[in-house]
Amino acid sequence: MSGVKAFLTAHRAALAGLAGALAALALFWLARSHRAAMDWWVEAVSMPLKRGLGALCDPLPFSVCEAGATLLILGALGLLGRAVWRAAHGQPAALGAFGLHLAVLLLWGYWGVCALWGTQYYAAGFAEKAGLEAAPVSAAQLEAVTRYFGRQVTAWADAVPRDGEGRFAVSREDIMGDTAGLYDGLTGRWAFLEGPDRRAKPALYSKLMSAWGFTGYLCPLTGESTLNVDCPEVFLPVTIAHEYAHQRGVAAEQEANFVGILASIASGRPAYVYSGWLYGYQHLSNALYRADPEAASACMAELPAAARADFVYNNAYWASWEGPIREVGETVYDNFLRSYGQELGMQSYGACVDLLVAEFLPLT
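Have a look at this one:
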C-alpha cells in the first residue's frame, strides 16, 4: 500500500469531517442569499441556541470562550510538538495528520461562527425591525445634533464620581455589576430587544485586546459578552450595552452602537447615561469634523473640562497601543466584516451617526 493511500485509509474519519465541514460552509454560502431562510434560522435556531449556551455559561465568573480558546491553543501547540517529535523519529505522516485534524477543527469552528453569527447579517436588521430610516445628513443637521449631545454631556458630567485629575472614576466592578435590566428602557418601544440578563465577563487578555484595538466582543459559540477591562472606564458602560445589543440579535456594528447608546441613555444610571451621551458625542463630533472642522472645534470647546479630560485620557491610552499589531487586528476584523457583506468594514462603526441624527434632530 502506498504512503498516500495508507494515510487516506488511516484518516478516513478526519477526511469525512473535512468534507462535511466544507459541505456545511457551502450550504451557508448558498443559503445566505435567501432572506426568508435566514430570518427563520435566526429566530428559530441560532438565537435560541445562543441564549441556551449563554444560560449555561452565565453563572461562571470568567469567559468560557476565552478559557476554551486558551485550552485549544495550548492543546494544539502540544499536539504540534508531538507531531514534530514523531516526524523526526521515523513517522513523517505525523505532521500531515496534525494539519488535517487542525483543518477539520478550524473549519467546523468557522462554520459554527457562520451559523450562529454570520447568518444574522443576512436576516432582518435592527433598523428594519424598528421601522427606522436614516436619511442623508447635512452638515447643519449634524452640527445641531452634536451640540445637543454636547449639552447632555455637560448636564451629566458632574453626575459621576471623578478622580483628582477630574476624570471619570466609576470602578469597573461597579459598572459590570450594574447591568441587570439594562435594556428595560428600550424594550417598551422595541419588544424584539427583550432578552435574558447575562453578566458581562472581564477579559483575562484585556491588554492583548487593547493591542488589537478591541474593547469587547460577543462570542457566538458561548453567548457571552467579554469586555476589555484594561482600557479607560469611561466607555465601558456603553461598550457593555453595545455587546448586549449583539446578544439581543443586533448584528451590524453601526446599529449595535446606536442601540447601545440609546440603552445607556435610557437606563437612568448615571455612569451609563454619561457614557452613552459621551460616546454618541464622539461619533457625531468625528463625523462633523470631517464635514466642518471649524464647527467641530467650536462644539468641542463648549464641553466642560471634565468631559474633555475624559477624551484626553481615553485618546492617550489608545495612542499608546498604536502599531503593527493593532493594524493587523483592525485589518483582520475589517475583512471579517466584509466577508459577511458589511461593505463599510470597520468604518461601519461610524455609520450610526445617521441613525443618531434621525432620532435626536427633532429634539434640537
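The sequence shown runs 10 to 373 under my numbering. Think of the CB as a built atom: it goes at the ideal place given N, C-alpha and C, for glycine as much as any other residue. Just so we're clear, the structure is a prediction, and the values are computed from it rather than from any experiment.
Residue closest to Val146, alpha-carbon to alpha-carbon, out of Leu24, Val366, Leu116, Thr373: Val366
Pick out whichever of Trp330, Pro279, Ala189 has its Cα sitting closest to the Cα of Val169. Pro279
With burial defined as no fewer than 16 other Cβ atoms inside 10 Å of the residue's Cβ, what is the status of Glu152: buried or exposed? buried
In the DSSP output, which residue or residues are listed as bridge partners for Leu227? Ser234
Figure out for me which residue from Pro211, Ser273, Tyr283 has the closest Cα to the Cα of Val162. Tyr283
Ala300 - DSSP class collapsed to helix/strand/coil: helix
Straight-line CA distance for Gly29 to Leu111? 14 Å
If you reduce the DSSP assignment to three classes, tell me which class Pro246 lands in. helix
Straight-line gap, Ala328 to Arg171 (C-alpha atoms, nearest Å): 22 Å
Kindly indicate which residue of Leu287, Ala250, Pro246, Ala296 has the alpha-carbon position closest to the one of Gly159. Leu287
Which class does Pro57 belong to by DSSP, given the choice of helix, strand or coil? helix
Pair within 7 Å by beta-carbon distance, Ala40 and Ala46: yes
So who's on the other strand from Pro211, going by DSSP bridges? Leu236
With a threshold of 16 other CB atoms inside 10 Å of the CB of Trp390, please say whether the residue is buried or exposed. With the chain covering 10 to 373 only, the question about residue 390 has no answer from this structure.
DSSP bridge partner residues for Arg171 (one or two, in chain order): Phe177
With a Cβ-Cβ cutoff of 7 Å, do Trp330 and Ser219 count as a contact? yes
Which residue marks the beginning of the alpha helix (DSSP H) containing Tyr322, and which one marks its end? 314 to 328
Straight-line Cα distance separating Gly134 from Val238: 29 Å
Look up Tyr358 in the DSSP assignment and say whether it is helix, strand or coil. With a pLDDT of only 38 at Tyr358, under the threshold of 50, the placement of this residue in the model should not be trusted; the figure read from the coordinates follows. In the structure shown, Tyr358 sits in a helix (DSSP, three-state: H, G or I).
Is the Cβ-Cβ distance between Phe107 and Ala97 less than 7 Å? no
Can you check which of these residues, Ala164, Leu115, Val268, Leu88, is closest to Tyr253 by C-alpha distance? Val268
Taking a contact to mean a Cβ-Cβ separation below 7 Å, would you say Asp319 touches Val243 in this structure? yes
Under three-state DSSP, which class holds Val259? coil
Inter-residue Cα distance where the pair is Ala139 and Ala200: 9 Å
Would you mind stating whether Leu236 and Gly222 have Cβ atoms separated by less than 7 Å? no
Contact set for Ala374: own chain, Cβ-Cβ below 6 Å, skip 5 residues either direction: Nothing about residue 374 can be read from this structure; the chain reaches only from 10 to 373.
What distance in whole Å lies between the Cβ atoms of Leu109 and Ala166, which are believed to be in contact at a cut-off of 8 Å? Not confirmed; about 58 Å, so no contact.
If distances are taken between C-alpha atoms only, which option among Leu125, Cys361, His43 comes closest to Glu142? Cys361
Just the Cα atoms here: how many angstroms apart are Asp67 and Gly232? 9 Å
Work out the CA separation of Gly84 and Ala19 for me, nearest whole Å. 22 Å
How should Ser306 be labelled, buried or exposed, when 16 other C-beta atoms within 10 angstroms of its C-beta is the threshold for buried? exposed
Quick one, which of Tyr214, Lys216, Arg208, Leu230 has its alpha-carbon nearest Pro246's? Arg208
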